[in-house]
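Residues in the sequence shown are numbered consecutively from 10, following our numbering.
Glycine residues also receive a C-beta, built at the ideal position from the N, C-alpha and C atoms.
In what follows, a structure is listed as C-alpha coordinates, so that the remarks can point back to it.
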Amino acid sequence: MSRDHQRDILSMVYFNGFSLQKEQELFSDYLLENDLCVAGFSYGAQRAFEYAYRSKERIDRLILLSPAFFQTQKASFIRTQLRYFQAGKEAYVKQFLTNVAFPSNLDLSACLNVGSKEELEALLIYQWYRRKIEEVLERGTTIEVFLGSDDKIIDAKAAFDFFAPLTTTYFMKNMGHLLRAQELV
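In C-alpha coordinates, the structure reads:
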(Lines of atoms letter the chains of each structure in order from A and count residues from 1; the text may use other names and numbers.)
(Lines give C-alpha, C1' and ligand atoms only; values in the text may rest on other atoms or scores of the structure.)
Protein backbone atom coordinates (compact mmCIF):
# COMPACT_ATOMS: atom_id res chain seq x y z
CA MET A 1 0.00 0.00 0.00
CA SER A 2 1.26 3.44 -0.88
CA ARG A 3 1.98 5.89 1.93
CA ASP A 4 -0.18 8.41 0.04
CA HIS A 5 -3.35 6.93 1.42
CA GLN A 6 -4.49 4.90 4.35
CA ARG A 7 -7.11 2.24 4.87
CA ASP A 8 -9.37 1.90 7.85
CA ILE A 9 -10.35 -1.40 9.43
CA LEU A 10 -12.95 -2.09 6.74
CA SER A 11 -10.54 -1.28 3.90
CA MET A 12 -12.12 1.91 2.58
CA VAL A 13 -9.46 3.99 0.84
CA TYR A 14 -9.35 7.47 2.39
CA PHE A 15 -7.12 10.44 1.58
CA ASN A 16 -6.39 13.11 4.20
CA GLY A 17 -6.73 16.84 3.76
CA PHE A 18 -3.77 19.21 3.63
CA SER A 19 -1.91 19.36 6.97
CA LEU A 20 -4.26 16.79 8.47
CA GLN A 21 -4.22 13.14 9.48
CA LYS A 22 -6.86 10.80 10.82
CA GLU A 23 -9.66 13.33 10.30
CA GLN A 24 -11.91 10.80 8.55
CA GLU A 25 -13.69 10.20 11.87
CA LEU A 26 -15.12 13.71 11.49
CA PHE A 27 -16.91 12.56 8.32
CA SER A 28 -18.39 9.27 9.53
CA ASP A 29 -21.90 10.43 8.55
CA TYR A 30 -20.80 10.76 4.91
CA LEU A 31 -18.55 7.74 4.45
CA LEU A 32 -19.40 4.24 3.33
CA GLU A 33 -16.97 1.89 4.96
CA ASN A 34 -16.33 -0.83 2.42
CA ASP A 35 -13.53 -1.84 0.12
CA LEU A 36 -15.30 -0.55 -3.02
CA CYS A 37 -15.39 3.04 -1.75
CA VAL A 38 -12.76 5.75 -2.10
CA ALA A 39 -13.04 9.05 -0.24
CA GLY A 40 -11.05 12.15 0.49
CA PHE A 41 -11.34 15.51 2.17
CA SER A 42 -10.24 18.77 0.50
CA TYR A 43 -6.72 18.12 -0.85
CA GLY A 44 -7.46 14.47 -0.15
CA ALA A 45 -10.50 14.71 -2.47
CA GLN A 46 -8.16 15.67 -5.32
CA ARG A 47 -5.92 12.72 -4.49
CA ALA A 48 -8.91 10.36 -4.11
CA PHE A 49 -10.18 11.41 -7.52
CA GLU A 50 -6.79 10.83 -9.16
CA TYR A 51 -6.55 7.43 -7.43
CA ALA A 52 -9.99 6.46 -8.79
CA TYR A 53 -9.17 7.86 -12.23
CA ARG A 54 -5.96 5.83 -12.51
CA SER A 55 -7.23 2.70 -10.78
CA LYS A 56 -7.88 -0.51 -12.66
CA GLU A 57 -9.77 -1.86 -9.64
CA ARG A 58 -13.54 -1.68 -9.29
CA ILE A 59 -14.66 1.40 -7.36
CA ASP A 60 -18.38 1.70 -6.75
CA ARG A 61 -18.41 5.04 -4.98
CA LEU A 62 -16.11 8.04 -4.88
CA ILE A 63 -16.89 10.48 -2.06
CA LEU A 64 -15.39 13.96 -2.41
CA LEU A 65 -15.72 15.94 0.83
CA SER A 66 -15.21 19.68 0.27
CA PRO A 67 -12.89 19.07 -2.69
CA ALA A 68 -10.11 21.65 -2.92
CA PHE A 69 -11.23 23.78 -5.86
CA PHE A 70 -9.03 26.72 -6.77
CA GLN A 71 -9.14 26.73 -10.57
CA THR A 72 -11.22 29.92 -10.58
CA GLN A 73 -8.53 31.77 -8.60
CA LYS A 74 -5.98 34.07 -10.20
CA ALA A 75 -2.30 33.14 -10.31
CA SER A 76 -1.61 35.98 -7.86
CA PHE A 77 -3.81 34.24 -5.24
CA ILE A 78 -1.72 31.07 -5.55
CA ARG A 79 1.57 32.99 -5.36
CA THR A 80 0.33 34.85 -2.27
CA GLN A 81 -0.70 31.63 -0.50
CA LEU A 82 2.68 30.05 -1.20
CA ARG A 83 4.53 33.19 -0.06
CA TYR A 84 2.59 33.30 3.24
CA PHE A 85 3.26 29.60 3.79
CA GLN A 86 6.97 30.04 3.09
CA ALA A 87 7.19 33.10 5.39
CA GLY A 88 5.66 31.30 8.37
CA LYS A 89 4.49 27.72 7.99
CA GLU A 90 3.19 27.35 11.56
CA ALA A 91 1.21 30.63 11.49
CA TYR A 92 -0.15 29.79 8.02
CA VAL A 93 -1.30 26.32 9.07
CA LYS A 94 -2.84 27.64 12.31
CA GLN A 95 -4.94 30.19 10.36
CA PHE A 96 -5.69 27.61 7.68
CA LEU A 97 -7.07 25.12 10.24
CA THR A 98 -9.16 27.88 11.86
CA ASN A 99 -10.68 28.57 8.43
CA VAL A 100 -11.15 24.83 7.79
CA ALA A 101 -13.10 24.48 11.05
CA PHE A 102 -15.29 27.61 10.51
CA PRO A 103 -18.16 28.07 11.41
CA SER A 104 -17.63 25.40 14.06
CA ASN A 105 -15.04 25.96 16.76
CA LEU A 106 -13.74 22.41 16.47
CA ASP A 107 -10.12 22.07 17.59
CA LEU A 108 -8.20 20.21 14.88
CA SER A 109 -4.87 20.07 16.74
CA ALA A 110 -5.23 16.30 17.30
CA CYS A 111 -5.37 15.89 13.50
CA LEU A 112 -2.47 18.24 12.73
CA ASN A 113 0.21 16.97 10.36
CA VAL A 114 1.86 20.05 8.87
CA GLY A 115 2.07 19.73 5.11
CA SER A 116 4.82 20.78 2.75
CA LYS A 117 5.06 23.69 0.33
CA GLU A 118 4.95 21.13 -2.51
CA GLU A 119 1.65 19.70 -1.24
CA LEU A 120 0.17 23.19 -0.86
CA GLU A 121 1.24 24.11 -4.37
CA ALA A 122 -0.16 20.83 -5.76
CA LEU A 123 -3.56 21.47 -4.19
CA LEU A 124 -3.66 25.10 -5.32
CA ILE A 125 -2.78 24.43 -8.97
CA TYR A 126 -4.83 21.24 -9.36
CA GLN A 127 -7.33 21.34 -12.23
CA TRP A 128 -10.57 19.39 -12.23
CA TYR A 129 -11.42 18.27 -15.76
CA ARG A 130 -14.91 17.46 -16.90
CA ARG A 131 -13.74 14.71 -19.25
CA LYS A 132 -11.80 12.90 -16.52
CA ILE A 133 -14.88 12.95 -14.28
CA GLU A 134 -16.98 11.59 -17.16
CA GLU A 135 -14.47 8.76 -17.67
CA VAL A 136 -14.75 7.72 -14.03
CA LEU A 137 -18.55 7.86 -14.25
CA GLU A 138 -18.52 5.76 -17.44
CA ARG A 139 -16.81 2.97 -15.48
CA GLY A 140 -19.87 2.77 -13.25
CA THR A 141 -18.48 4.71 -10.30
CA THR A 142 -20.95 6.92 -8.46
CA ILE A 143 -19.38 10.24 -7.52
CA GLU A 144 -20.80 12.19 -4.58
CA VAL A 145 -19.58 15.70 -3.78
CA PHE A 146 -20.34 17.41 -0.47
CA LEU A 147 -19.93 21.18 -0.16
CA GLY A 148 -20.68 23.62 2.65
CA SER A 149 -22.24 26.98 1.79
CA ASP A 150 -20.13 28.84 4.39
CA ASP A 151 -16.79 27.38 3.33
CA LYS A 152 -13.88 29.81 4.02
CA ILE A 153 -11.33 27.74 2.10
CA ILE A 154 -12.86 27.37 -1.36
CA ASP A 155 -15.47 29.16 -3.43
CA ALA A 156 -18.20 26.62 -2.73
CA LYS A 157 -20.60 28.18 -5.24
CA ALA A 158 -18.04 27.91 -8.08
CA ALA A 159 -17.31 24.32 -7.02
CA PHE A 160 -21.04 23.55 -6.98
CA ASP A 161 -21.50 25.07 -10.45
CA PHE A 162 -18.69 22.85 -11.75
CA PHE A 163 -19.60 19.55 -10.06
CA ALA A 164 -23.43 19.65 -10.01
CA PRO A 165 -23.98 18.97 -13.75
CA LEU A 166 -21.68 15.93 -13.53
CA THR A 167 -22.08 14.35 -10.10
CA THR A 168 -24.49 13.92 -7.23
CA THR A 169 -23.65 17.14 -5.41
CA TYR A 170 -24.89 18.23 -2.01
CA PHE A 171 -24.72 21.94 -1.13
CA MET A 172 -25.28 22.16 2.61
CA LYS A 173 -26.46 25.43 4.10
CA ASN A 174 -24.68 27.00 7.07
CA MET A 175 -21.82 24.50 6.91
CA GLY A 176 -18.15 25.14 6.36
CA HIS A 177 -15.25 23.20 4.87
CA LEU A 178 -15.54 20.48 7.55
CA LEU A 179 -19.22 20.13 6.66
CA ARG A 180 -20.19 21.23 10.14
CA ALA A 181 -22.36 24.09 11.30
CA GLN A 182 -21.68 26.47 14.13
CA GLU A 183 -21.95 24.65 17.43
CA LEU A 184 -24.40 26.12 19.89
CA VAL A 185 -23.12 26.38 23.43
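Phe105 and Ile162 have their C-alpha atoms some 8 Å from each other. Phe180 has Leu156 as its beta-bridge partners, per DSSP.
Assignment of Leu121 by DSSP, reduced to helix, strand and coil, places it in the strand class. Partner residues in the beta bridge of Thr151, as assigned by DSSP, are Arg70. With 16 or more other Cβ atoms from the protein chains shown falling within 10 Å of its own Cβ, Asn25 counts as buried.
In the three-state reduction of the DSSP assignment, Tyr101 falls in the helix class. For Gly185, there is no enclosing alpha helix (DSSP H), since its DSSP letter is neither H nor E. One alpha carbon belongs to Glu34, the other to Ser85, and they sit about 35 Å apart. Leu29 is bridged by DSSP to Leu121. Judged by their CB atoms, Phe111 and Asp44 are not nearer to each other than the 9 Å cut-off.
Between the alpha carbons of Glu153 and Pro76 lies a gap of roughly 11 Å.
Beyond the five residues adjoining it in sequence on each side, Phe36 comes within less than 6 Å, by CB distance, of Leu74 in the same chain, given in chain order.
For Asp116, there is no enclosing alpha helix (DSSP H), since its DSSP letter is neither H nor E. Judged by their CB atoms, Gly124 and Ser28 are nearer to each other than the 9 Å cut-off. Here DSSP, grouped into helix, strand and coil, assigns Leu175 to coil. The alpha-carbon of Thr151 is positioned some 11 Å away from that of Thr178. Between Leu132 and Tyr60, the CB-CB gap reaches or exceeds 9 Å.
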